[in-house]
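>
Protein chains: 2
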Amino acid sequence: MDNGRVTIRDVAARAGVSIATVSNVFSGNKPVNADLRERVLKAAEELAYQVDRAASQLRSGQARVVGVLVPDLDDVFFTSLVSQLEVLAERDGYDILVASSRDDLGLEQSRLRTLLAWRPSGLIAVPCSDAVPEALRGEVGRLPIVFADRVPPEGSIVDTVAIDNREAGEIAARHLLAKGHRDILVAASSLAISPIRERVHGACDLIRSALDREPTVVELGSNADRGAATFRHWLERHKQPSAVIALTNVTTLSTLSALARLRIDIPDPVSVVGFDDYPWMSARKTGLTAIRQPIAEMAEAAWNRLRARMAGDRTPPTHSVMQTSLQARDSVRDLAAMAEHAGSRDPDPLPNPERPAASRKAVH
Amino acid sequence: MDNGRVTIRDVAARAGVSIATVSNVFSGNKPVNADLRERVLKAAEELAYQVDRAASQLRSGQARVVGVLVPDLDDVFFTSLVSQLEVLAERDGYDILVASSRDDLGLEQSRLRTLLAWRPSGLIAVPCSDAVPEALRGEVGRLPIVFADRVPPEGSIVDTVAIDNREAGEIAARHLLAKGHRDILVAASSLAISPIRERVHGACDLIRSALDREPTVVELGSNADRGAATFRHWLERHKQPSAVIALTNVTTLSTLSALARLRIDIPDPVSVVGFDDYPWMSARKTGLTAIRQPIAEMAEAAWNRLRARMAGDRTPPTHSVMQTSLQARDSVRDLAAMAEHAGSRDPDPLPNPERPAASRKAVH
DNA sequence: GTTTTACTGTAAAACGTTTAACAGGCGCCT
DNA sequence: AGGCGCCTGTTAAACGTTTTACAGTAAAAC
Numbered sequence: 001m002d003n004g005r006v007t008i009r010d011v012a013a014r015a016g017v018s019i020a021t022v023s024n025v026f027s028g029n030k031p032v033n034a035d036l037r038e039r040v041l042k043a044a045e046e047l048a049y050q051v052d053r054a055a056s057q058l059r060s061g062q063a064r065v066v067g068v069l070v071p072d073l074d075d076v077f078f079t080s081l082v083s084q085l086e087v088l089a090e091r092d093g094y095d096i097l098v099a100s101s102r103d104d105l106g107l108e109q110s111r112l113r114t115l116l117a118w119r120p121s122g123l124i125a126v127p128c129s130d131a132v133p134e135a136l137r138g139e140v141g142r143l144p145i146v147f148a149d150r151v152p153p154e155g156s157i158v159d160t161v162a163i164d165n166r167e168a169g170e171i172a173a174r175h176l177l178a179k180g181h182r183d184i185l186v187a188a189s190s191l192a193i194s195p196i197r198e199r200v201h202g203a204c205d206l207i208r209s210a211l212d213r214e215p216t217v218v219e220l221g222s223n224a225d226r227g228a229a230t231f232r233h234w235l236e237r238h239k240q241p242s243a244v245i246a247l248t249n250v251t252t253l254s255t256l257s258a259l260a261r262l263r264i265d266i267p268d269p270v271s272v273v274g275f276d277d278y279p280w281m282s283a284r285k286t287g288l289t290a291i292r293q294p295i296a297e298m299a300e301a302a303w304n305r306l307r308a309r310m311a312g313d314r315t316p317p318t319h320s321v322m323q324t325s326l327q328a329r330d331s332v333r334d335l336a337a338m339a340e341h342a343g344s345r346d347p348d349p350l351p352n353p354e355r356p357a358a359s360r361k362a363v364h
Numbered sequence: 001m002d003n004g005r006v007t008i009r010d011v012a013a014r015a016g017v018s019i020a021t022v023s024n025v026f027s028g029n030k031p032v033n034a035d036l037r038e039r040v041l042k043a044a045e046e047l048a049y050q051v052d053r054a055a056s057q058l059r060s061g062q063a064r065v066v067g068v069l070v071p072d073l074d075d076v077f078f079t080s081l082v083s084q085l086e087v088l089a090e091r092d093g094y095d096i097l098v099a100s101s102r103d104d105l106g107l108e109q110s111r112l113r114t115l116l117a118w119r120p121s122g123l124i125a126v127p128c129s130d131a132v133p134e135a136l137r138g139e140v141g142r143l144p145i146v147f148a149d150r151v152p153p154e155g156s157i158v159d160t161v162a163i164d165n166r167e168a169g170e171i172a173a174r175h176l177l178a179k180g181h182r183d184i185l186v187a188a189s190s191l192a193i194s195p196i197r198e199r200v201h202g203a204c205d206l207i208r209s210a211l212d213r214e215p216t217v218v219e220l221g222s223n224a225d226r227g228a229a230t231f232r233h234w235l236e237r238h239k240q241p242s243a244v245i246a247l248t249n250v251t252t253l254s255t256l257s258a259l260a261r262l263r264i265d266i267p268d269p270v271s272v273v274g275f276d277d278y279p280w281m282s283a284r285k286t287g288l289t290a291i292r293q294p295i296a297e298m299a300e301a302a303w304n305r306l307r308a309r310m311a312g313d314r315t316p317p318t319h320s321v322m323q324t325s326l327q328a329r330d331s332v333r334d335l336a337a338m339a340e341h342a343g344s345r346d347p348d349p350l351p352n353p354e355r356p357a358a359s360r361k362a363v364h
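These protein sequence lines are chains R and L, in that order. Position one of the first sequence corresponds to residue 1 (UniProt numbering), numbered consecutively onward. Position one of the second sequence corresponds to residue 1 (UniProt numbering), numbered consecutively onward.
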């Protein structure tokens, strides 16, 4: 109380006990008699004592803080992830240090280094490349690490949580094919990002095998505005597709912006399947049909894995793969039904060859 | 190198210097000879040494970490703020601990306490009530604190950064009045939040003085989906307004969702002025007219204030007030022009009595 | 009645830094 | 030549905890 910061010593003095006892009361490491505990808590309350985490961590090696690294804090997908993780961490008494790599490998390096300097109990990262970042090399065995969303397709040396990206692409493509679309454009953010590549492959392979035709792929980047400009440009000098699959929430935005700007309506003449599921997607006259990622479940899976590792689990890395599902709304036109109608065939409005996408995880 | 964690001592040994020298090389507190510094850096490099922030902070009292508390990490406005702050913090060599109060006073208390336990160098908070949170009482003089966005209207004992909420409401109302709207509904998130109250007052006062009529105010809460349901309910049992002012990005979403669900078009029969400026607002056929908050500038102002305080500034608290501006797009119908046209008067399509809203800050 | 055992509390030694106090070397001014 | 600063480096003492080793007491076992 002398200089302003009240320490364990002040509390001990006021309660008339040793500092070890105060420590035991707060850390719960050793049992302490009920009335003594009372005295200590009372003294602490009166002095507004708070254990100093730096000191505590220095001595014990236990940090109760986890680092969270994402590529972009302006992308709702990542902030949703962070939001969920914050809740889970808080529930378990952890704090989170968040850092953004802005999709830059150099920055990722340095952000990771500063995160590691805190000696966190764990790390959840959405890396910006396929490889394990250099800064993490030395830590792989030691520090609990979970990679989320962007994970090397061939499995990894650390625990991972991601969706089935290939399937996500397939679901989108299958839906459009079922609705009779044949001229499908695939809008990706960047093919340099492996999960995006997977989604593209999922969509393209399916389309190719169904239509025997190679679908066009455009890269719109990770910025909504620039992506919109790019896509507008593209639209102005190419034949209009009958449908576009946007493989990212940002590319969805880019796609919609460009179409809006060119006054091209949805779903006629152009249908759209978007990615992710956010409130703005249903806050429009023609609600957006989209591939839903189970973000909450991903966060939970990542957190649970991290918890297990932090609790000492030394089993080989696991790779959780979550299922995506199609949230059907109004942005896809049913060309098939129209064709049938035109040909005055059987009514049978929805010949639905889609398989129901269960949203549960499969652990390898 | 023995147990796995490499310390300053290992580096000192390998470089053949004292630990103080190593410390000086890394902290830069005292100058150290060029070749010695080289030796030290080389040794550190080889051992992959990283200074332990807990130990460093314990001894020096310097944390190089700031706490960031927001009410909701699922609200784009707050995550945008966090995103900007992360960039600024990174630039200046700080890390950020982020916590969400989920708009709950009790949780805010406990989150603040755990943030404070880190002995951060500063704190940027968007509090969930008007008052200075209990947990911060003791820190007000000591710890650099900046409140953002939600600040007590009468000024505060800590530095604050916010927009001119009253004016924001006025700008929205003025725009609608200028466009000939007379039946204006004000959609707020919660009147318990003081900045929202201010925005409501700004809009209502202006409308009242222009029309001599009390506008209706609805509270839609801070969750987009629940707000949409609430608003839908409201719309079903009240006379349809000619325009809606949504005073929050979330209420904007709620408003649009409800209208979309009821198949009510925008801007005819219902015009909408939204809040904030996000990509999804222009990714629609009728782009959304909205009140733009200068988030980047707010973050910068908050950070600069915090930096100054952290550098020892002891002057009385300042209160930055930023200007909002109207981003006009297509969601407001010009009833005035139509009326004129109908009366076959002068063409004069845009009698625009709005004052241009400069977006620069004023410091009190 | 003495020895174990169990239980609680304490003293003191860490933890890995920073920093105050100090020491040695060298140039500079009387 | 001796004294004074300045520069650079070292030693050792913090910082506020946790934790190990130990001591004292009471209950249980012999």
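Note that beta-carbon positions come from the ideal geometry of N, C-alpha and C, so glycine has one too.
#1: With a threshold of 16 other CB atoms inside 10 Å of the CB of L:Arg59, please say whether the residue is buried or exposed.
#2: My understanding is that L:Ile124 touches L:Val65, with C-beta atoms under 8 Å, so please give their C-beta distance in whole angstroms.
#3: Can you give me the start and stop residues for the beta strand (DSSP E) that R:Gly274 sits inside?
#4: On the CB-based measure, 16 or more other CB atoms within 10 Å of its CB, does R:Asp338 come out buried or exposed?
#5: Run through the segment 84-159 of chain R for me and flag every whole beta strand (DSSP E) of 3 or more residues, listed as ranges in chain order.
#6: For L:Arg226, which residues in chain R fall below 8 Å Cβ to Cβ?
#7: So with CB distances below 8 Å, who are the chain R contacts of L:Leu88?
#8: Which residues of chain R have a Cβ atom closer than 8 Å to the Cβ of L:Gln240, listed in chain order?
#9: What are the partner residues of L:Ile291, as DSSP defines its beta bridges?
#10: When you check each C-beta in the segment 126-145 of chain L against every C-beta of chain R, which residues fall closer than 8 Å?
#11: Between R:Leu324 and R:Ile291, how many whole angstroms is the CB-CB distance? I'm expecting something under 8 Å.
#12: Mind listing which residues of the segment 95-110 of chain R have their C-beta closer than 9 Å to chain L's C-betas, in chain order?
#13: If we cut at 8 Å on Cβ distances, does R:Asp52 have a partner in chain L?
#14: Could you tell me the boundaries of the beta strand (DSSP E) in which L:Gly169 lies?
#15: How is the alpha helix (DSSP H) around L:Val25 delimited, first residue to last?
#16: So does R:Arg53 have its beta carbon nearer than 7 Å to some heavy atom of the ligand ATP?
#17: Determine, using beta carbons only, whether R:Gln62 comes closer than 8 Å to chain L.
#18: Looking at the strands, I want to know which residues DSSP matches up with R:Gly67.
#19: From which residue to which residue does the beta strand (DSSP E) around L:Thr216 run?
#20: Looking at L:Val250: is its Cβ nearer than 8 Å to the Cβ of L:Leu185?
#21: Quick one: is L:Glu38 buried, meaning 16 or more other Cβ sit within 10 Å of its Cβ, or exposed?
#22: Here's the rule I'm using: 16 or more other beta-carbon atoms within 10 Å means buried, otherwise exposed. How should R:Val40 be labelled?
#23: Evaluate the contact criterion for the segment 229-243 of chain R versus the segment 262-269 of chain R: three or more CB pairs, one atom per stretch, below 8 Å.
#24: Applying a beta-carbon distance threshold of less than 8 Å, which residues of chain R neighbour L:Gly287?
#25: Kindly say whether L:Ala283, judged by its beta-carbon, lies nearer than 8 Å to any beta-carbon of chain R.
#26: Give the residues of chain R in contact with L:Gln57, contact being defined as C-beta atoms less than 8 Å apart.
#27: Quick one: any contact between the segment 147-162 of chain R and the segment 188-199 of chain R, if contact means 3 or more CB pairs under 8 Å?
#28: Can you find a C-beta in chain R that's less than 8 Å from the C-beta of L:Leu69?
#29: Under 8 Å Cβ-Cβ, which residues of chain L neighbour R:Ala48?
#30: Can you tell me where the alpha helix (DSSP H) holding R:Val11 begins and where it ends?
#31: Measuring alpha carbon to alpha carbon, tell me which of L:Trp280, L:Gly155 and L:Leu206 ends up nearest L:Glu170.
#32: Tell me which residues share the same chain as R:Gly16 and place their Cβ nearer than 6 Å to its Cβ, disregarding the 5 neighbours each side in the sequence.
#33: Considering only C-alpha positions, which residue in the set R:Pro144, R:Gly155, R:Pro120 and R:Leu116 is nearest to R:Ala131?
#34: So that I know if they touch, is there some Cβ in chain L lying closer than 8 Å to that of R:Thr79?
#35: Does DSSP put R:Ser254 in a helix, a strand or coil?
#36: With 16 other CB atoms within 10 Å as the buried threshold, where does L:Pro269 fall?
Once the coordinates are examined:
#1: It counts as exposed.
#2: In fact, because the Cβ distance is near 12 Å, the residues do not count as touching under 8 Å.
#3: Going by DSSP, R:Gly274 is part of the beta strand (DSSP E) stretching over Ser271 to Phe275.
#4: Note that residue 338 of chain R is Met in the sequence shown, not Asp. In the assembly as shown, R:Met338 is an exposed residue. Its beta-carbon has fewer than 16 other beta-carbons within 10 Å.
#5: The qualifying runs are 95-100, 122-125 and 145-148.
#6: Result: empty, since nearest Cβ-Cβ is about 11 Å, beyond 8 Å.
#7: Correct list: empty, because the minimum Cβ distance to chain R is about 12 Å.
#8: Residues of chain R whose Cβ lies closer than 8 Å to the Cβ of L:Gln240 do not exist; the shortest such Cβ separation is about 16 Å.
#9: As a beta-bridge residue in DSSP terms, L:Ile291 pairs with L:Phe275 and L:Leu326.
#10: Within the segment 126-145 of chain L, Gly138 and Arg142 place their CB atoms closer than 8 Å to a CB of chain R, listed in sequence order.
#11: Sequence check: residue 324 of chain R is Thr here, not Leu. Approximately 5 Å separates the beta-carbon atoms of R:Thr324 and R:Ile291; this is inside 8 Å, confirming the contact.
#12: Residues of the segment 95-110 of chain R with a C-beta atom less than 9 Å from some C-beta of chain L are Asp95, Ile96, Leu97, Val98, Ala99, Ser100, Arg102, Leu107 and Ser110, listed in chain order.
#13: For R:Asp52, the answer is yes, since a Cβ of chain L falls inside 8 Å of its Cβ.
#14: If you look at L:Gly169, you'll find it isn't in any beta strand (DSSP E); it sits in the alpha helix (DSSP H) that goes Asn165 to Ala178.
#15: Unbroken alpha helix (DSSP H) run through L:Val25: Ile19 to Ser27.
#16: As far as ligands go, the structure on display features none, and thus does not contain the ligand ATP.
#17: For R:Gln62, the answer is no, since every Cβ of chain L falls outside 8 Å of its Cβ.
#18: Its beta-bridge partners are R:Leu97 and R:Leu123.
#19: Looking at the DSSP string, the run of the beta strand (DSSP E) that includes L:Thr216 is Thr216 to Glu219.
#20: Going by beta carbons, L:Val250 and L:Leu185 fall outside the 8 Å limit.
#21: Flag for L:Glu38 reads exposed.
#22: With 16 or more other Cβ atoms within 10 Å, it is buried.
#23: The segment 229-243 of chain R, when compared against the segment 262-269 of chain R, does touch it at the 8 Å Cβ threshold.
#24: Those are Ala260, listed as they occur along chain R.
#25: Judged by the 8 Å Cβ criterion, L:Ala283 is in contact with chain R.
#26: Going along chain R in sequence order, the residues near L:Gln57 (Cβ under 8 Å) are Ala54.
#27: The segment 147-162 of chain R, when compared against the segment 188-199 of chain R, does touch it at the 8 Å Cβ threshold.
#28: With a threshold of 8 Å between beta carbons, L:Leu69 makes no contact with chain R.
#29: Going along chain L in sequence order, the residues near R:Ala48 (Cβ under 8 Å) are Gly138.
#30: Ile8 to Ala15 is the span of the alpha helix (DSSP H), which, as asked, contains R:Val11.
#31: Looking only at L:Trp280, L:Gly155 and L:Leu206, the smallest Cα-Cα distance to L:Glu170 is reached by L:Leu206.
#32: Here the set comprises nothing.
#33: Between R:Ala131 and the set R:Pro144, R:Gly155, R:Pro120 and R:Leu116, the nearest pair of CA atoms involves R:Gly155.
#34: R:Thr79 counts as touching chain L.
#35: Three-state DSSP puts R:Ser254 in a helix.
#36: Exposed, because fewer than 16 other Cβ atoms sit within 10 Å of the Cβ of L:Pro269.
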